[in-house]
Amino acid sequence: MIQMTLIQIDNYGPWTVTPTPRAEADLQILQAELYADIQRQFAAKGGLVFFTRFDNMLAITNNVDVEDHLRIQKSIGNRYPITISMGVGAAETPYEAQRDATAALQNYGGAQSEERKEVLAIDGLVNKDDSFVQIAHIDINGITDSLTDIIPAYDTSFIVNRVQHFLMKKLIEKGSLVFFIGGDNFMSPCNGLSPEGLLKIVEEIEDETNIALKAGIGKAPTAEKAANLADLALEEIRGGVTYDLVHVMNEKLVD
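Numbering-wise (the working numbering), the sequence shown opens with residue 698 and increments by one.
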């Protein structure tokens, strides 16, 4: 099972305009620093955080318990002018886990509620014996030569965003999620999706967009280990070790 945590800034919208609208640059800096801070703290426990809208983040948190979540909340509250609330869910697929985490937090009030502060809402936690994370690292084939060094930067960004849209649309139907992680790279928590199923999606997107993708899949008890294996599997494709468009590595295959 996979465990996911929704991280949400408390009452953020009203705070950004009270008593008057705050400088946009300062808000962008706050969001970037908060994301880096939260990523660092969850990573210390083997977790992995993805920004969604910056005031909301989703994390894979297998091996992160109640006390860890509370400690992170307290640390943020001590050092930032805002607080964060969290919802935690566990399920067979990432989509179900984040859905349950979201519903758990919503039960304590809305995102702009003045009363809700530093809530930790637990719908479910994964025990170590049942902990399993499957992650795919997906990237665009040859983007530097075909796009980055040829067309304007914004046009390349537009194409990357378009690819993400196609990935999100197709993966959510399989109970999987996908997040942009920089450059031409995407990471997909995809418990329940077979390598053959991902290969079919990759091939469909190439047919529909004329953009070729490749992917490495990692399977492990924690997000950190699964992501690392996915990276290694993708590097084997890049290095010509395998000619598959989708390559899989399990934790037991590496030290």
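Glycine is no exception: its CB is placed at the ideal position from the N, C-alpha and C atoms.
Remember, predicted model here, so these are calculated numbers, not experimental data.
In the DSSP assignment, Leu910 forms a beta bridge with Ile837. With contacts defined by Cβ atoms closer than 7 Å, Val830 and Ala930 do not form a contacting pair.
By the 16-neighbour rule on beta-carbons within 10 angstroms, Tyr851 is exposed. Burial is judged here by how many other beta carbons sit within 10 angstroms of a residue's own beta carbon; Phe876 has at least 16 and is buried. Restricting attention to Gly710, Leu767, Ala923, the CA atom closest to the CA of His834 is found in Ala923. For Gly879, the enclosing beta strand (DSSP E) stretches over residues 876 to 879. Of all C-beta pairs linking the segment 886 to 898 to the segment 797 to 811, fewer than three are shorter than 8 Å, placing the two stretches out of contact. The three-state secondary structure of Gln809, taken from DSSP, is coil. Here Lys771 carries a helix assignment [DSSP, helix/strand/coil].
Apart from the 5 residues on each side of it in sequence, Ile706 sits with its Cβ closer than 7 Å to the Cβ of Asp752, Ile779, Ile781 in its chain, given in chain order.
Partner residues in the beta bridge of Ala756, as assigned by DSSP, are Thr702, Val746.
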